[in-house]
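In what follows, a single structure is set out as C-alpha cells and then discussed.
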Amino acid sequence: MIGFVIVSILYIILAIALLYRVFKGPHAVDRVVAGDSVDILTVVALVLFSVYSGRGIYLDIALSIAILGIIGTLLISKYLEGKL
Amino acid sequence: MKPSKFNSILSTFIFCYLFWIIFTWTFTSQELITGAIVSLLVAILTSRFFIHEDANYLFNPARFLNLVLYIFIFLMELWKANVDVAKRALSPSLPVNPGIVKVPTEVKSEYGLSMLANSITLTPGTITMEITEEDNKNYYYIHWIDVSEKDRTKAGEAIKGTLENWVRRIWK
Amino acid sequence: MYLVYILMAIGLFFAFAGTVGVLRMPDAYCRMQSSTNIATLGTLGALLGAFLYAIYLKNTGMAIKILFIAVFIIVTNPVAGHAICKAAYKRGVKAEKLTCDDYGRDFPNE
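Chains as they are written, first to last, in my numbering: chain U, -2 to 81; chain F, 3 to 174; chain X, 855 to 964.
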C-alpha cells in the first residue's frame, strides 16, 4: 500500500519546515520546543514506513527515539531552570 | 496514607512484568524467568519514587469502569480543543489573547492532582505551570491562550469543564 | 480500508496546523500550545491508522507495539511541556501582551 510512504514523506517535509524555527528561534526555549516536535514527527514517519515494509525493527528505533527525545527535553529544561 | 514497603514493591513488580511480557511477546520459560528477575530488581530499586499512595485502590470494578469511560470523554475534549487551536493558527489575523490564571480545584489525592494537571496540559490551548497548596486547597497556575474570564472560579469552569468531576469519581 | 486513509488525513491536517502555528505564533508560550497540537491529534490519527492496518494484516505483535508507542507519547508529552514552560518563565522569557499574570504576582522573579 503506497499511501503510507506518501504520508510519511509529507510528515518529513513538515519536520524540515520546523527546522527553520530550530535555526532561527530567538531564545533557546523556542529551539527546544521545535526540536521536540521534530522528534515526534520522525517517530510517526518511522512507524508508517515500518507498517509499509512489514519489518519490526523500525518500530524499535521509533520507540528509542521517542524515549531519548523526552529525556533530552527534560534535561535541557532542568538546566535552563538552574537546578542541574 | 503511606502503604507498606512490601505492598509498594509488589505493585511496581506487577507493572514492570506486564510491560516485559508485552514487549517480548514470547512465552518460553527462559524469557519469563529472566523478566521476573529483572523486574524484581527494578521494583526494589525504584518503588519509593513510583508509589506514593496505596496503588491497590484502583482494583475496584466501579473505579476501573470510570477510568475507561474517562478516556472516551477525554478524547472528545481533545478533539474540540484541537479544532479550536488549529482554527486560531490557520486564520490570517492570528487571534490570540494569552494570560496566566490561577484556578482552584477540589481534588485531594496526589495521583488525582497529577492526572488532572496532565489532562489540562494535553489539551491544546492550556498548559499547567505549577501546583501550590494554600490552607488545604490546591491551586493550579495555567497559561491560557485565550483569556475570556479573569474571575478564578469562572475561568476554572471554562478550562476544566467536565473533566474534574470524572477525576473526582476515580480518585478521592 | 478507507477508514485508514481518513484517519491518516486527519492526523496530517492537524500536524500541518501545528507546524504553521509553531512558525507563526508571536511568543514562546503560544508556540508551546501549537506544539501540543502536533503531539496529540497529529500523531494519534496516523498511529491509529497504522494500528488498524496492522490488525488488518493479522500482525498482532506489531499492532500492540504501535499502540504502546501512541500511549507512551500521549503520557510523556505533558511532562515535557510542563517542565519547559516553567523553565521558560523562570528564565525570564518575554511574553507579549499578557492580559493577566497571576504567577508573576505571586512568585516575583527574584
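Heads up, the beta-carbon is just placed ideally off N, CA and C, and yes, glycines get one too.
The model shown is predicted, which means the values in this text are computed figures rather than measured ones.
Minimum Cβ-Cβ distance from residue i to chain X less than 8 Å
i: residue 2 of chain U; result: no
i: residue 27 of chain F; result: yes
i: residue 74 of chain U; result: yes
i: residue 132 of chain F; result: yes
i: residue 44 of chain U; result: yes
i: residue 61 of chain U; result: no
i: residue 77 of chain U; result: yes
i: residue 167 of chain F; result: no
i: residue 88 of chain F; result: yes
i: residue 8 of chain F; result: no
i: residue 96 of chain F; result: yes
i: residue 123 of chain F; result: yes
i: residue 106 of chain F; result: no
i: residue 100 of chain F; result: yes
Reference residue i; option with closest CA among the options
i: residue 43 of chain U; options: X:888, X:895, X:919; result: X:919
i: residue 937 of chain X; options: U:71, U:0, U:16; result: U:71
i: residue 87 of chain F; options: F:163, F:22, F:147; result: F:147
i: residue 858 of chain X; options: U:64, U:68, U:69, U:49; result: U:49
i: residue 171 of chain F; options: F:97, F:37, F:44, F:67; result: F:67
i: residue 18 of chain F; options: F:31, F:39, F:29; result: F:39
i: residue 121 of chain F; options: F:16, F:139, F:80; result: F:80
i: residue 13 of chain F; options: F:52, F:124, F:24, F:27; result: F:52
i: residue 14 of chain U; options: X:867, X:887, X:877, X:868; result: X:877
i: residue 133 of chain F; options: F:114, F:151, F:150, F:149; result: F:114
i: residue 875 of chain X; options: F:165, F:84, F:139; result: F:84
i: residue 68 of chain U; options: X:939, X:928, X:889, X:933; result: X:933
CB contact check: residue i to chain U, cutoff 8 Å
i: residue 870 of chain X; result: yes
i: residue 964 of chain X; result: With a pLDDT of 46 at residue 964 of chain X, under the threshold of 50, the modelled position of that residue is not reliable, and no figure is offered here.
i: residue 930 of chain X; result: yes
i: residue 856 of chain X; result: no
i: residue 918 of chain X; result: no
Contact with chain F by residue i, beta-carbon distance below 8 Å
i: residue 901 of chain X; result: no
i: residue 897 of chain X; result: no
i: residue 946 of chain X; result: no
i: residue 927 of chain X; result: no
i: residue 912 of chain X; result: no
i: residue 915 of chain X; result: yes
i: residue 907 of chain X; result: no
i: residue 863 of chain X; result: no
Under 9 Å from the C-beta of residue i: neighbouring residues of chain X
i: residue 80 of chain F; result: 894, 895, 898
i: residue 67 of chain U; result: 926, 927, 930, 931, 933, 934
i: residue 70 of chain F; result: In chain order: nothing, as chain X lies at least about 14 Å away.
Under 8 Å by beta carbon: chain X residues contacting residue i
i: residue 18 of chain U; result: 876, 877, 885
i: residue 34 of chain U; result: 872, 873, 876, 889, 892, 893
i: residue 15 of chain U; result: 873, 876, 877
i: residue 129 of chain F; result: 883, 886, 887, 890, 935, 936, 939
Beta bridge counterpart(s) of residue i as assigned by DSSP
i: residue 936 of chain X; result: DSSP, once it has assigned bridges, lists no residue as partnering residue 936 of chain X.
i: residue 148 of chain F; result: F:99
i: residue 140 of chain F; result: F:107, F:135
i: residue 128 of chain F; result: F:146
Contact list for residue i against chain F, beta-carbon separation under 9 Å
i: residue 922 of chain X; result: 21, 24, 25
Near the ligand GDP: residue i beta-carbon under 7 Å from a heavy atom
i: residue 171 of chain F; result: The model depicted lacks the ligand GDP and carries no ligand whatsoever.
7 Å Cβ cut-off: residues of chain X touching residue i
i: residue 58 of chain U; result: Those do not exist, as residue 58 of chain U stays about 11 Å from chain X at its closest Cβ, beyond 7 Å.
i: residue 126 of chain F; result: 887, 890, 891, 894
i: residue 37 of chain U; result: 892, 893, 897, 927
i: residue 92 of chain F; result: 871, 874
i: residue 120 of chain F; result: 932
i: residue 84 of chain F; result: 868, 891, 894, 895
i: residue 147 of chain F; result: 884, 887
Contacts that residue i makes with chain U (C-beta to C-beta distance below 9 Å)
i: residue 860 of chain X; result: Those do not exist, as residue 860 of chain X stays about 12 Å from chain U at its closest Cβ, beyond 9 Å.
i: residue 866 of chain X; result: 4, 7, 8, 11
Interface partners of residue i on chain U, CB under 7 Å
i: residue 938 of chain X; result: 26, 29, 30, 70, 74
How do the stretch 17 to 29 of chain U and the stretch 39 to 56 of chain U stand: do at least 3 beta-carbon pairs fall below 8 Å, yes or no?
The stretch 17 to 29 of chain U makes no contact with the stretch 39 to 56 of chain U; the number of CB pairs closer than 8 Å stays below 3.
Does the stretch 892 to 900 of chain X come close enough to the stretch 103 to 111 of chain F to have 3 or more Cβ pairs within less than 8 Å?
Touching, no.
For the pair the stretch 898 to 906 of chain X and the stretch 861 to 875 of chain X, tell me if three or more CB-CB distances fall below 8 Å.
Three or more beta-carbon pairs separated by less than 8 Å link the stretch 898 to 906 of chain X to the stretch 861 to 875 of chain X, which places the two stretches in contact.
Check whether the stretch 116 to 132 of chain F touches the stretch 158 to 165 of chain F, counting contact only when three or more Cβ pairs, one atom from each stretch, lie closer than 8 Å.
Flag = yes, the stretch 116 to 132 of chain F and the stretch 158 to 165 of chain F touch.
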